[in-house]
Amino acid sequence: MPECPLCGGARAKPSWLGSTIYDGCTYTYLECEGCGSLYCDPMPSGEVLARLYGPEYQSVLADHENGGEREISYVTRHLSAVHQSAPGLFVDYGCGRGRLLQEVSRLGWRTVGVEFDQDVAASVCRETGIEVVGRDEAHRSLRGRVDVLHLGDVIEHLTVIHEQMPTVIDLLAPGGILIAQGPLESNTNLFTFAVWLARKATRARSATMPPYHVLLATAAGQRGLFRRFGLCLRSFEVSEVAWPAPQRIGLRDVGNVRTVGMFTLRLISQFFSRIGPRDWGNRYFYVGQRT
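Numbering that gives the first Met the number 0 numbers the first residue of the sequence shown as 0 and each following residue consecutively.
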């Protein structure tokens, strides 16, 4: 079995999540016996990734942007604290529709976005008026120059992380700051435990969905990843957000048992995460420094 992409652990077992089928291929999720994170085996090929993250992926991003204000606020609040000198070069690696770039540019930073697909990069550049480049161009022109690098909901998509993370970190100038945030889909919280129980009860072993998230991390796995690549920890916070449950419900949702059930379960889960151990939750916020 391949080693855990997050903590580097050598031992894994079949996970409760089972597998997903996409485009005729089966992708099995293994569970690391060290950190408890789940990861895809095999990882999607380059051809599959090109189909996954083409222009149509923008519609997927649009479906999940309702909670984006919180993530944008986190970055803008931390910028002045983590970078004491005058605003410099801020890069959002995996910038999506460019909302964060627009907010940071208003604070006086020079901003550049990076996107996997060149057509997507060009489209976001046209829509925002901010420079957005493809991944290859970013690694050619920005290496060692970036003051603050943001990875927002990116790491869970990386299929060759032992090669990709060092390349991404190399964009940072010496002493540069990495701000990363994303889901902890295998981390301890009541909501995830209920999903695990439901999966066990139905004995479902496969689903049909695109393998967008090839890494389903725990807090321990995510911390282990940043340590492995030599970053100096500044802060690491865990919280619990509504996704994938609805953030709010209205009168039209009252008759939908599944929607109301997920919403209620998440509220209860968030309550217990607030009063429970500090690592309970489903989302992390990380600040580290390149030495």
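Just so it is clear, CB atoms sit at the ideal spot from N, CA and C, and this is done for glycine as well.
Counted as a single uninterrupted DSSP element, the stretch harbouring I168 is not any beta strand (DSSP E) but the alpha helix (DSSP H) occupying residues 160-168.
DSSP, reduced to helix, strand and coil, places T27 within a strand of the structure shown.
Residue environment analysis places E46 among the exposed positions, since fewer than 16 neighbouring C-beta atoms fall within 10 angstroms of its C-beta.
Secondary structure within the stretch 102-166: the alpha helix (DSSP H) runs of 4 or more consecutive residues, fully enclosed, are 117-127, 134-140 (chain order). The alpha-carbon separation between P4 and G35 amounts to approximately 12 angstroms.
Taken through DSSP and simplified to helix, strand or coil, E236 comes out as strand.
Rounded to whole angstroms, the separation of the alpha carbons of G133 and G93 is 10 angstroms. The DSSP assignment places complete alpha helix (DSSP H) segments of no fewer than 4 residues inside the stretch 184-257 at 189-201, 218-227, in order along the chain. Within a 10 Å sphere around the beta-carbon of Q180 sit 16 or more other beta-carbons, which makes this residue buried. Within the same chain, and ignoring the five residues on either side of M164 in sequence, the residues whose Cβ sits closer than 6 angstroms to its Cβ are F228.
It is roughly 22 angstroms from the alpha-carbon of A172 to the alpha-carbon of R222.
For F89, DSSP records a beta bridge to T110, V147. The beta-carbon distance between A206 and L183, rounded to whole angstroms, is 20 angstroms. This is too long to meet the 8 angstroms contact definition.
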